[in-house]
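*Asks:* Let me give you the structure first, and then I'll get to my questions.
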Amino acid sequence: MPIPSHPVYAEFPAVNLTCGAGVAIFHVKSSRVVLCYHTLEHYWFLPKGRRDAGEETRRGAEREGFEESGYRNRLLPLPIIHRQPQAAESVAVGEAKQINVVEPIWTTLLPQSKRTQYLLHWFVAETLPPDLETSMGPPPASRAYHEPPPYPSNLRLVDRLALEPDGYEPTRYDNTGVDSDEAHYMSYLLPVEEAIQKLGKNSMGEVIAVGWERIQARLAAESDATTSDPGPVH
Numbered sequence: 001m002p003i004p005s006h007p008v009y010a011e012f013p014a015v016n017l018t019c020g021a022g023v024a025i026f027h028v029k030s031s032r033v034v035l036c037y038h039t040l041e042h043y044w045f046l047p048k049g050r051r052d053a054g055e056e057t058r059r060g061a062e063r064e065g066f067e068e069s070g071y072r073n074r075l076l077p078l079p080i081i082h083r084q085p086q087a088a089e090s091v092a093v094g095e096a097k098q099i100n101v102v103e104p105i106w107t108t109l110l111p112q113s114k115r116t117q118y119l120l121h122w123f124v125a126e127t128l129p130p131d132l133e134t135s136m137g138p139p140p141a142s143r144a145y146h147e148p149p150p151y152p153s154n155l156r157l158v159d160r161l162a163l164e165p166d167g168y169e170p171t172r173y174d175n176t177g178v179d180s181d182e183a184h185y186m187s188y189l190l191p192v193e194e195a196i197q198k199l200g201k202n203s204m205g206e207v208i209a210v211g212w213e214r215i216q217a218r219l220a221a222e223s224d225a226t227t228s229d230p231g232p233v234h
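Structure follows, in structure tokens:
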């Protein structure tokens, strides 16, 4: 596991800061994750990249995941331990604290040049269920990105998995890259442990490990809640 860095003071004007997002895309039912491979430079990686100007970071993560891997995806709300406050309006009306949230599970700071800083947020996503994939249809010839609807807030993950028939293979689209370098990318759905081994000891392997552990934590919590619920009294 990479050693978390100490907090730092740093300031960058817009001209010296690049913001990006990456994503670990899981096919939860088969315990696999999407891994990309650069066929010319021969290395494995998770899809990531710069967000477009004016683009919301979470949308950028899903878009980069699709463009570099060919798999449509949507970010997955998980029981992430984080430091963000609960929305003031939800506190005011006494709503229960939100347990499953979409937040970066890892953030990487990389020097892009002598003067430019790269800020990269990593998210966890899932492949789309078959009915949603079918309803969206093939990507447009224009390559304009069409984002899927977000994960429903009232859908338990255990119920989401039941929407897939056994043996279902998520759709992978060819030629979704947007530049000449991305034309050399291939992508594969690999077992979680195999993917971590191929990445080696770096932050991308940790993104997969932490993401998968949080997925299992959500499934376990939902299972415990079902077991403890006695059901209706007649």
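Here full-length UniProt numbering is used: the first residue of the sequence shown is 1, the next is one more, and so on.
Ideal placement from N, C-alpha and C gives every residue a C-beta, glycine not left out.
1. Scan the region 167 to 219 and note each continuous alpha helix (DSSP H) run of 4 residues or more that stays entirely inside, going in chain order.
2. What residue range is occupied by the uninterrupted beta strand (DSSP E) comprising ARG32?
3. Could you tell me whether the region 19 to 28 touches the region 54 to 65, using the rule of 3 or more Cβ pairs below 8 Å?
4. For the alpha helix (DSSP H) containing VAL158, name the first residue and the last one.
5. Can you tell me which of the three DSSP states ASN73 falls into?
6. Do you know offhand how far PRO111's Cα is from TYR168's?
7. Can you tell me whether DSSP reads ARG50 as helix, strand or coil?
8. What does the alpha-carbon distance come out to for the pair VAL233 and LEU128?
9. Just to confirm before moving on: does the CB-CB distance between THR18 and ARG50 stay below 7 Å?
10. For MET136, which residues from the same chain have a beta carbon less than 8 Å from its beta carbon, with the 5 sequence-adjacent residues on both sides left out?
11. Within the continuous alpha helix (DSSP H) that includes PRO130, where are the two ends?
12. Please list the terminal residues of the continuous beta strand (DSSP E) segment that includes PRO111.
13. Within 10 angstroms of its Cβ, does GLY54 collect 16 or more other Cβ (buried), or is it exposed?
14. With distances taken Cα to Cα, identify the nearest neighbour of VAL15 among THR57, GLN117, VAL101, HIS82.
15. In this structure, how does DSSP classify VAL102 when only helix, strand and coil are distinguished?
16. Rounded C-beta distance between MET204 and LEU78? I'm assuming under 8 Å.
17. For residue 255, count neighbouring Cβ atoms within 10 angstroms of its own Cβ and tell me buried if that reaches 16, exposed if not.
18. Could you tell me the alpha carbon to alpha carbon distance between TYR43 and THR57, rounded to whole angstroms?
19. Distance check for LEU155 and THR226, CA to CA, integer angstroms please.
20. Apart from the five residues on each side of it in sequence, which residues of its chain come closer than 7 Å, Cβ to Cβ, to HIS184?
21. Applying the criterion that 16 or more other CB atoms from any shown protein chain within 10 Å of the CB defines a buried residue, is LYS29 buried or exposed?
22. Here's a check: name, in chain order, each residue in its chain whose Cβ is nearer than 7 Å to the Cβ of residue 254, leaving out the five neighbours to either side.
23. Beta strand (DSSP E) containing GLU126: first to last residue?
*Replies:* A quick look at the data gives this:
1. Correct list: 192 to 199.
2. From DSSP, the beta strand (DSSP E) with ARG32 extends over 32 to 38.
3. Yes, they touch.
4. Segment 157 to 162, the alpha helix (DSSP H) holding VAL158.
5. Assigned with DSSP and collapsed to three states, ASN73 falls in strand.
6. Approximately 41 Å between the Cα atoms of the pair.
7. Secondary structure of ARG50 (DSSP, three-state): strand.
8. Any reading at VAL233 must be qualified, since the residue scores a pLDDT of 49, below 50, and its modelled position is unreliable; the value itself is stated next. The alpha-carbon separation between VAL233 and LEU128 amounts to approximately 37 Å.
9. Yes; because the gap between Cβ atoms is below 7 Å, this pair is in contact.
10. Hits under 8 Å: ARG72, LEU128, HIS146, PRO148.
11. Element bounds for PRO130: 130 to 136.
12. Run containing PRO111: 106 to 111, per the beta strand (DSSP E) assignment.
13. GLY54 is classed as exposed because its beta carbon has fewer than 16 other beta carbons within 10 Å across all chains shown.
14. Nearest to VAL15 by C-alpha distance, out of THR57, GLN117, VAL101, HIS82, is GLN117.
15. In the structure shown, the three-state DSSP call for VAL102 is coil.
16. Not quite, the Cβ-Cβ distance comes to about 18 Å (not below 8 Å), so this is no contact.
17. Residue 255 is absent from the model: the chain starts at 1 and stops at 234.
18. In a straight line, the C-alpha of TYR43 is about 26 Å away from that of THR57.
19. One Cα belongs to THR226, the other to LEU155, and the distance between them is close to 14 Å.
20. Contacts found: HIS38, THR39, LEU40.
21. Around the beta-carbon of LYS29, 16 or more other beta-carbon atoms lie within 10 Å, marking it buried.
22. Given that the chain is displayed from residue 1 to residue 234, the structure contains no residue 254 and the question cannot be resolved.
23. First-last of the beta strand (DSSP E) with GLU126: 117 to 127.
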